[in-house]
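Using the UniProt record's numbering, the final residue of the sequence shown is 194, and nothing's skipped along the way. Heads up, the beta-carbon is just placed ideally off N, CA and C, and yes, glycines get one too. Only a predicted model underlies this, so the values are computations on that prediction, with no experimental measurement involved. What follows is one structure encoded as structure tokens, with my remarks underneath.
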Amino acid sequence: MFYVQSQFLKAGSEIFYCPWQIPGNVGCIARTCAASAVGVHLVGPLGFKVDDTKLKRAGLDYWPYVVVRVHHSWTEFQDYFKQQEGKKRLLAFTKRGTAIHSDFSYRKGDYLIFGSETCGLPPDILLDCKSETFGGGTIRIPMVDTYVRCLNLSVSVGIALYEASRQLNYEQLQGPSGNCSDTEQSFLTEDIFA
């Protein structure tokens, strides 16, 4: 699984992924997150090693500009989630979601949750995303499913992330351009390739 977290806002959106299997997708997602000042959380078991060449290649030279946190299990992620301050909720993106992504009202502190390319999100995670304790609901990106089973994972993340960012007036992009400041650089310490 994976989720995205704002690097430059204390309570931004985050993206979360639950066991992705294709390293190239994760690399592309990381690049999108770097471009939108958002971090990535991966929840195991993953279908690849974090030092995979395809993962590094797909992320190009943007890896220093995205925070990637690896959680070994959903339970470990839940513990992390509970410790985060402020209002927050889990939003599951699934083809069977009840709300359409552009009709949903996003807010700071949302965690955008995406499942694996082949299986989607497990039932227990979908339940958590609907629960009063964690959840904000299930969301879908509309598509004609007569010919296509699903959208590419990295495309779905881009659509969802930029819709949430648009609704929040691209607040996470209002930071300085160019090289990261010392404060921002200190946040970018979780280098999965170190």
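Asked	Found
Residue closest to residue 203, alpha-carbon to alpha-carbon, out of Asp145, Cys150, Glu171	In this structure the chain extends from 1 to 194, so residue 203 is not present and cannot be described.
Every unbroken beta strand (DSSP E) inside the UniProt domain "tRNA/rRNA methyltransferase SpoU type" (21-162) [3 residues or more]	38-43, 68-71, 89-93, 110-114, 135-140
Cβ separation of Leu126 and Thr138, assumed to be a contact under 8 Å, to the nearest whole Å	7 Å
Inter-residue spacing [alpha-carbon to alpha-carbon] between Gly97 and Gly44	23 Å
Cβ contact (3+ pairs, closer than 8 Å) linking the segment 62-71 and the segment 24-37	yes
Assigned secondary structure, Leu173 (DSSP; H/G/I helix, E/B strand, else coil)	helix
Exposure of Gly115, with buried meaning 16 or more beta-carbon neighbours within 10 Å	buried
Gly136 classed as buried or exposed, judged by whether at least 16 other C-beta atoms fall within 10 angstroms	buried
Within 8 Å, strictly: CB atoms of Leu90 and Cys129	yes
Contacting residues, own chain, Cβ-Cβ under 8 Å from Glu76 (five flanking each side not counted)	Val43
CA-to-CA distance, Gly109 to Ser36, given in whole angstroms	15 Å
Whether Arg149 touches Thr94 by CB criterion (8 Å)	no
Supposed contact pair Ala92 and Tyr62 - C-beta distance, whole angstroms, cut 8 Å	Rounded, the Cβ-Cβ distance is 27 Å, inconsistent with contact.
Expected contact under 8 Å - CB spacing of Val38 and Leu161 to nearest Å	7 Å
Straight-line gap, Thr118 to Leu168 (C-alpha atoms, nearest Å)	31 Å
8 Å Cβ cutoff met for Ile113 and Pro142	no
Contact under 8 Å by Cβ, Lys87 with Tyr111	no
Buried versus exposed call for Ser73 [16 or more other C-beta atoms within 10 Å across all chains shown]	exposed
Among Pro123, Phe134, Pro64, nearest to Gln83 - alpha-carbon criterion	Phe134
CA-to-CA distance, Arg166 to Gln174, given in whole angstroms	12 Å
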